[in-house]
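Read through the structure below, which is laid out as structure tokens, and then see the notes.
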Amino acid sequence: SQAALHQAQKMEAIGQLTGGVAHDFNNVLQIIGGNLQLLKLIGGVNDNARARIDTALAGVERGARLAAHLLAFARRQPLQAVVIDPSVALTEMEDMLRRVLGPQAEIVTDIGPRLWSTAVDPSQLHNVILNLAINARDAMPNGGTLTLRARNVPQGSPQLAEVGDVDYVMIEVADTGKGMPPEVLQRAFEPFFTTKPTGQGTGLGLSMAYGFVKQSGGEILLKSSPGEGTSVRIFLRRSSQAPAHDDDAAVTALFGGV
Ligand code: ADP
């Protein structure tokens with residue numbers, strides 16, 4: 149539709165702009181960080197100075213993480229895609245979900261049988277699900293249910309009308325939280341768009357999810373109704389290859405992430 153086209157063009161333009169800024173910003177941070185590291189090695193640096201250098205380095209690291217999120221949104225971050233079995237990857241995230249959601253929320257995992265394999269960067273997929281879980285937690289301050297669902301969605305399925313007609317593995321994170329009014333829903337993927345208090349939200353969670361999914365050749369759909377809850381559905385293309393061995397995935401998770 150016209151509205152969807154306009155939205156896609158807007159996201160493309162924001163991506164171009166943020167990608168350029170984040171890239172340059174990151175280069176500046178690398179220069180600052182590298183020199184701070186060198187300073188620490190120089191003789192005669194006392195403990196007080198060393199502590200200040202460490203504080204500055206922590207700031208550089210935080211900036212680098214923000215830049216990485218922006219680059220993920222702008223699709224300029226190299227992904228280390230490997231063929232994974234989504235049911236294995238998602239099952240491994242259950243502990244993380246529990247930690248993020250805390251004791252008062254219920255977690256339901258509903259991972260379909262014999263899921264197709266898909267080629268993604270496992271550490272980035274982990275980051276995305278983590279960010280979605282944080283959003284679900286923030287939307288359910290008085291408790292509720294987070295559902296992590298995964299299904300094969302074969303070509304020809306009616307629910308593919310909005311995303312393109314190929315074989316997909318669908319991963320959904322749904323919550324029973326406060327939901328989003330239309331004006332928030334419309335801007336939710338924009339980098340730096342947040343309704344959370346300063347210090348609590350960066351506005352980068354959904355934008356990096358968007359960038360990750362697009363760069364992986366997939367689609368992302370956001371549905372939300374105020375007072376009822378929110379669902380984020382990620383459609384990843386079916387891979388014809390068998391999943392890589394766990395060892396390979398572990399190596400990528402260790403060295404491929406940010
Ligand atoms: P952040 O979480 O740092 O604000 P995001 O990009 O992840 O950044 O989300 C942008 C905004 O979208 C949030 O501030 C919030 O208003 C809204 N939002 C995202 N996820 C949810 C959710 N599960 N329920 C309700 N609102 C949400």
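With the first letter of the sequence shown counted as 1, position 195 gets the number 343 in UniProt numbering; the numbers rise by one all the way through. Ideal Cβ placement from N, Cα and C applies to all residues, glycine included. All figures in this text were calculated on a predicted structure; none of them were measured in a lab.
Quick one, which of 156, 332 and 391 has its alpha-carbon nearest residue 222's? Here residue 222 refers to the residue found at position 74 when the sequence shown is read from its first residue. For residue 222, the nearest C-alpha among the options comes from 156.
In the DSSP assignment, what are the bridge partners of residue 322? Translated into the one-based positions of the sequence shown, residue 322 becomes position 174. Note: residue 322 sits in a beta bridge opposite 295 and 379.
Consult DSSP for residue 371 and reduce its assignment to one of helix, strand or coil. For the purposes of this step, residue 371 is taken as residue 223 along the sequence shown, with counting starting at 1. Correct three-state label for residue 371: strand.
Opposing strand residues paired with residue 258 [DSSP bridges]: Here residue 258 refers to the residue found at position 110 of the sequence shown. 297, per the DSSP bridge assignment.
Three-state secondary structure (DSSP) at residue 352? Numbered from its first residue, the sequence shown carries residue 352 at position 204. Of the three classes helix, strand and coil, the one that applies to residue 352 here is coil, per DSSP.
Taking a contact to mean a Cβ-Cβ separation below 7 Å, would you say residue 353 touches residue 220 in this structure? If you number the sequence shown from 1, residue 353 lands on position 205. If you number the sequence shown from 1, residue 220 lands on position 72. Not closer than 7 Å, so no.
Could you have a look at residue 484 and say whether DSSP puts it in helix, strand or coil? This structure gives no information on residue 484, because the portion of the chain shown stretches from 149 to 406.
Which residues does DSSP pair with residue 266 in a beta bridge? Looking up residue 266 in the sequence shown gives position 118. 232, per the DSSP bridge assignment.
Compare the Cα-Cα distances from residue 329 to each of 317, 343, 319 and 321 and report the closest residue. Residue mapping note: residue 329 aligns to position 181 of the sequence shown, counting from 1. Looking at the Cα atoms, 343 is the closest of the given residues.
Pair every Cβ in the stretch 332 to 343 with every Cβ in the stretch 194 to 211, then say whether three or more of these pairs are closer than 8 Å. no
When the Cα of residue 244 is compared with those of 273, 313, 224 and 263, which residue comes out closest? Numbered from its first residue, the sequence shown carries residue 244 at position 96. Of the candidates 273, 313, 224 and 263, the one whose C-alpha sits nearest the C-alpha of residue 244 is 273.
Does any heavy atom of ligand 1 sit closer than 6 Å to the C-beta of residue 253? For the purposes of this step, residue 253 is taken as the residue at position 105 of the sequence shown. No, the beta carbon of residue 253 sits no closer than 6 Å to any heavy atom of ligand 1.
The alpha helix (DSSP H) that contains residue 392, what's its start and end? Residue numbering aside, residue 392 sits at position 244 when the sequence shown is read from its first letter. Taken as a continuous stretch (DSSP letters only), residue 392 belongs to no alpha helix (DSSP H), as it is neither H nor E.
Ordered along the chain, which non-local residues of its own chain (more than five positions away) have a Cβ less than 6 Å from that of residue 355? Counted from its first residue, the sequence shown places residue 355 at position 207. Cβ within range, chain order: 221, 337 and 339.
What residue from 365, 294, 263 and 179 has the CA that sits closest to residue 277's CA? By one-based count along the sequence shown, residue 277 stands at place 129. Closest by alpha carbon: 294.
With a threshold of 8 Å on Cβ separation, who are the neighbours of residue 231 within its own chain once the five nearest residues in sequence on each side are excluded? As a working mapping, residue 231 is identified with position 83 in the sequence shown. Same-chain partners within the cutoff: 265, 266, 267, 387, 389, 390, 391 and 392.
Is the beta carbon of residue 263 less than 7 Å from the beta carbon of residue 302? If you number the sequence shown from 1, residue 263 lands on position 115. If you number the sequence shown from 1, residue 302 lands on position 154. No, Cβ-Cβ distance for residue 263 and residue 302 is not below 7 Å.
Could you tell me which residues DSSP puts in a beta bridge with residue 316? Working through the sequence shown from its first residue, we reach residue 316 at position 168. Residue 316 is bridged to 301 and 385.
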